[in-house]
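Numbered according to numbering that gives the first Met the number 0, the sequence shown spans residues 0 to 545.
Glycine residues also receive a C-beta, built at the ideal position from the N, C-alpha and C atoms.
The block underneath contains the structure these notes are about, expressed in structure tokens.
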Amino acid sequence: MAEGESGVVRTYDENTVVIFDTTLRDGEQSPGATLSSAEKLEIARQLARLGVDVIEAGFPAASPDDLRAVQRIAREVGTPDGPRICGLARAVEGDIRTCWEGVREAAKPRIHTFLGTSPMHLAMLNITQEEGLERIRRAVTLARSLCEDVEFSPMDAGRTDMDYLIKACAVAVECGARTLNIPDTVGYVTPAEWEEKIATLIAETPGAGKGSGVIWSVHCHNDLGMATANTLAGIRAGARQVEVTINGIGERAGNTSLEEVVMAIHTRQSVFNVRTNIDTTQIIKTSRMVSNYMGMPVQPNKAIVGANAFAHESGIHQDGVLKNAETFEIMTPESVGLNQSRLTLGKLSGRHALKVRLKELGYDVDGEQLQKVFVRFKALADSKKVVTDADLEALVADEVVEVKEFFRLGDVQVTCGTMGMPTATIKLVDGEGHAHIHAAVGVGPVDAAYRAIDAIVHAPNTLVEYSVHSVTEGIDALGEVTVRITPPDSPRTFGGYGAHSDVIVASVKAYLAALNRMIAALGHGSVVPEGDAATVGVKSKSQSSL
Ligand code: KIV
Ligand code: ZN
């Protein structure tokens with residue numbers, strides 16, 4: 000039992016389900032979900048406050064940046080009382096050694112190595128089943144020579160035949176793996192067959208049954224919308240680790256969502272008879288942070304964390320809930336941290352009070368960053384009666400997170416309405432402090448503003464998603480905008496987030512954030528030479544006439 004920096008008390012027994020969070024690894028593989036290393040660190044800190052047992056911090060061999068981000072999380076979040084810090088590695092020597100470099104400074108490091116075991120994956124690797132077993136043997140043995148805590152995953156286990164799966168798991172255990180993670184990589188299985196598969200594996204894998212000390216884990220994808228159900232079926236079969244992500248983000252249709260599994264366990268105690276170390280009151284905060292930093296809005300009807308998850312619209316429902324909340328509520332909003340807490344700071348409150356409140360919300364903001372948030376807070380407190388915690392979180396996500404700025408917004412001015420052509424004038428400041436001003440006409444003010452930016456910044460892209468919503472209710476609410484752009488001839492997408500009480504300013508900030516990320520990742524993007532910029536065109540940049 001240990002008291003962590005976050006105040007989370009972690010206890011373990013055979014009825015504890017280990018929560019392995021892979022938001023920063025599998026989640027970051029979502030299209031457009033690139034994070035800076037500062038953002039990853041902030042999310043890792045929040046995951047520690049949430050009480051996850053293991054953080055899969057990244058795939059260190061993927062790039063030097065990934066390695067550095069994992070190292071930083073290992074050092075700063077992987078404290079003796081904090082979560083285990085894990086890195087992913089293919090079953091090849093180079094990956095495993097680099098992974099160890101990533102996690103070794105954590106108090107509790109873990110190497111997670113994997114190899115595809117289904118007929119399709121063996122064919123892709125061009126190896127036989129026997130060669131597969133040999134690779135597992137070498138990989139796990141090497142990983143164990145470096146790190147005491149090793150996890151092995153037979154990738155695409157959902158489509159791997161049982162005999163071979165048992166052999167693969169048995170080899171991994173024989174070579175020292177202490178966690179066997181069974182992934183349904185392509186989201187193919189159904190709950191009943193998954194429960195049976197996991198139960199059979201636990202019963203029949205030599206050296207890995209009950210009492211062996213081996214922890215069985217499940218890792219499900221959501222292609223058929225069954226990830227949560229499959230994960231819960233895995234728990235019923237005896238799995239005591241689940242691999243999950245915040246908001247269910249991940250490749251394609253995503254991974255199992257942490258909040259759904261945890262709240263199912265919590266709400267249906269008598270069905271599952273297990274517990275977790277999660278502080279459920281941190282769920283909403285974590286969800287918002289991940290959504291804001293990744294530029295991935297949460298669908299309003301998403302279980303647990305969607306904006307409508309606790310909203311009661313119809314008269315009958317409202318009446319019922321007012322008389323007795325349990326009539327239509329199986330969980331309280333407070334249990335997931337949705338307590339509508341209102342900031343009691345007023346217009347006259349100082350920096351210190353703001354800093355203390357941000358700290359309570361889990362954001363350690365100081366110096367120049369605090370000053371930036373303070374200026375925005377004052378402006379908002381002037382125009383809005385109540386500044387909520389959600390408003391503050393949006394301001395922090397917008398101002399604090401370090402995205403290298405090749406271009407930042409100087410000023411924006413738009414004219415629009417029914418009487419003329421929507422026109423935007425934009426002033427951008429480049430990395431050397433030079434200002435660039437352009438005006439453009441569009442089908443709406445956002446379109447015009449984006450076209451003016453494109454006329455200044457040469458970084459060709461297509462806007463594939465633009466979404467806007469308000470952080471809180473009311474006409475004076477902060478507007479949040481997320482955008483996704485994709486460069487030509489590349490499947491990659493880059494997200495950006497902006498928050499402001501003026502939705503045009505929020506839109507411009509979001510687009511610039513996405514452009515800055517794209518330029519940082521691809522290494523190109525420049526100022527359009529004077530005279531080359533097209534200010535009026537016919538093709539709409541944005542997908543609406545905003
Ligand atoms: O889905 C999957 O199979 C994975 C493995 C690397 C565990 O993410
Ligand atoms: Zn996965």
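Legend entry - Cutoff 6 Å; reference F19; Cβ partners in own chain excluding five residues on either side: Counting only residues of its own chain and dropping the five nearest sequence neighbours on each side, F19 has a CB closer than 6 Å to the CB of V53, Q240 and E242.
Legend entry - First and last residue of the uninterrupted alpha helix (DSSP H) at N369: Checking the sequence shown, residue 369 turns out to be Leu, not Asn. Per DSSP, L369 belongs to the alpha helix (DSSP H) from G366 to S382.
Inset, instruction - Verify the CB distance criterion: does L141 have a CB-CB separation below 8 Å to chain D? - result: In summary, chain D is missing from the structure at hand, where a single protein chain is found.
Inset, instruction - Enumerate in chain order the residues of its own chain whose CB-to-CB distance from A169 is below 8 Å, with the five nearest sequence positions on each side excluded. - result: Within the same chain, A169 has close Cβ partners T204, P205, G206 and A207.
Inset, instruction - Give me the Cα-Cα distance between R143 and G26, rounded to the nearest whole angstrom. - result: 26 Å
Inset, instruction - Determine contact between the segment 421-429 and the segment 480-489, defined as no fewer than three beta-carbon pairs at a distance below 8 Å. - result: no
Inset, instruction - Look at the alpha carbon of A454 and the alpha carbon of E38, and state the distance between them as a whole number of angstroms. - result: 29 Å
Legend entry - Continuous alpha helix (DSSP H) stretch holding C98: start and end: E92 to V102
Inset, instruction - Compare the beta carbon distance of A90 and T116 with 8 Å and say whether it is the shorter of the two. - result: no
Legend entry - Check: P182 C-beta below 7 Å from any heavy atom of the ligand KIV: yes
Legend entry - beta-carbon P435 near the ligand KIV non-hydrogen atom, thresh 7 Å: One point to set straight first is that residue 435 is His, not Pro, in the sequence displayed. H435: no, Cβ never under 7 Å from the ligand KIV.
Legend entry - Reduced DSSP category for M420 - H, G, I as helix; E, B as strand; rest coil: coil
Inset, instruction - For A306, I'd like the list of residues in its chain whose CB is within less than 6 Å of its CB, leaving aside the five on either flank, ordered along the chain. - result: P299
Legend entry - Contact between the segment 507-519 and the segment 430-437 (3+ Cβ pairs under 8 Å): no
Inset, instruction - Compute the distance between the beta-carbons of V217 and G175, then report whether it is under 8 Å. - result: Going by C-beta atoms, V217 is not nearer than 8 Å to G175.
Inset, instruction - Could you please give me the residues that DSSP links to P108 through a beta bridge? - result: I84
Legend entry - Bounding residues of the alpha helix (DSSP H) (the contiguous stretch that carries S560): The question about residue 560 has no answer here: the residues shown for the chain are numbered 0 through 545.
Inset, instruction - Examine the ligand ZN and report whether any of its heavy atoms sits within less than 7 Å of the Cβ of L111. - result: A small fix is needed here, since residue 111 is His in this sequence, not Leu. False, no ligand heavy atom lies under 7 Å from that Cβ.
Legend entry - Best match in V413, S62, S469 and F493 for proximity to H499 [C-alpha to C-alpha]: S469
Legend entry - Exposed unless 16 or more other CB atoms sit within 10 angstroms - verdict on P79: exposed
Inset, instruction - Sort out for me which residues DSSP pairs S256 with in a bridge. - result: Under the DSSP definition of a beta bridge, S256 partners with T244.
Inset, instruction - Could you tell me which uninterrupted beta strand (DSSP E) segments, each at least 3 residues in length, are contained entirely in the segment 469-503, listed from first to last along the chain? - result: 478-485 and 493-499
Legend entry - S144, enclosing alpha helix (DSSP H) - first and last residue: Q128 to L145
Inset, instruction - State yes or no: is the C-beta of N221 nearer than 7 Å to some heavy atom of the ligand ZN? - result: no
Legend entry - Option in I452, I277 and G81 with minimal Cα separation from D429: I452
Inset, instruction - Using DSSP bridges, identify the partner residues of Y465. - result: Y465 is bridged to V482.
Legend entry - Pick from L394, G522 and E431 that is closest to A476, judged by C-alpha positions: It is L394.
Legend entry - Under 8 Å between C-beta atoms of G57 and F493: no
Legend entry - N254 beta carbon near the ligand ZN (any heavy atom closer than 7 Å): Result yes, Cβ under 7 Å from the ligand ZN.
Inset, instruction - Can you tell me which of V374, S211, T417 and V411 puts its alpha carbon nearest to the alpha carbon of D397? - result: V374
Inset, instruction - Consult DSSP for Q45 and reduce its assignment to one of helix, strand or coil. - result: Three-state result, Q45: helix.
Inset, instruction - Have a look at S334 and L87 and give me their C-alpha separation to the nearest angstrom. - result: Approximately 32 Å between the Cα atoms of the pair.
Inset, instruction - Verify the contact flag: D12, CB atom, against every heavy atom of the ligand ZN, threshold strictly below 7 Å. - result: no
Legend entry - Cβ-Cβ separation, A43 to L23 (assumed contact under 8 Å), whole Å: Sure, about 7 Å apart at Cβ, within 8 Å.
Legend entry - Bridge-paired residues (DSSP) for G57: G86
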